[in-house]
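Just so you know, the working numbering puts 26 at position 30 of the sequence shown, and the rest follows in order with no gaps.
Written out below as structure tokens is the structure these notes cover.
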Amino acid sequence: KVLSVARELGAAVWSSCLCQDRRQRYRKMAGRPLSNALRKQMQKATLKHSDMDKEMLNEVMDIISGSIDKYAGADGINLEAAARLIKDTLDKQYGFNWHCAIGMGFSFDVTAQNGTLLYCFYMADHAILVFKC
């Protein structure tokens, strides 16, 4: 019994050493600045689905990136203000009745005009849905 307890304790000590090693590596990684390539990639919206033409798609993606960056602060992103800015900008450029939803963990089923639907992700966890009906 003493030997089996010692083995269990040894395994526990060994696993805690591994956890400490991992924590130290993560702390070192957390202190490093992000590379420019990674920073640029994170600041772009990642397209999931769209039926827009190429030119309109690029303009809308730029509007989305600029709007979210404008309302990003130390305490997070003001999603409501960013969605309002995206909607207002699209209304001015492409006519009225645009809709914009920004959030995390949602699904959708919408009816949109042909060539006006866009679904993308920003910073890997914020989903953006833009469409005109």
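All C-beta atoms in this analysis are idealised placements derived from N, C-alpha and C, irrespective of residue type, glycine included.
In this text, all values refer to a predicted model and were calculated from it rather than measured experimentally.
Report the three-state DSSP secondary structure of residue 41 (helix, strand or coil).
strand
Report the three-state DSSP secondary structure of residue 114 (helix, strand or coil).
strand
Could you say which of 102, 40, 69, 98 lies nearest to residue 126 if we only look at CA atoms?
98
Taking only the alpha-carbon atoms, compute the straight-line gap between residue 124 and residue 75 and give it to the nearest angstrom.
10 Å
Proximity winner among 61, 46, 109, 58, relative to residue 91 (alpha-carbon distances)
109
Residue 120 in three-state terms, based on DSSP
coil
Per DSSP, what are the beta-bridge partners of residue 91 in this structure?
Answer is none; residue 91 lacks a bridge partner.
Where residue 62 sits in the DSSP three-state scheme
helix
Integer Cβ distance of residue 117 from residue 50, believed to fall under 8 Å:
About 19 Å; that fails the 8 Å criterion.
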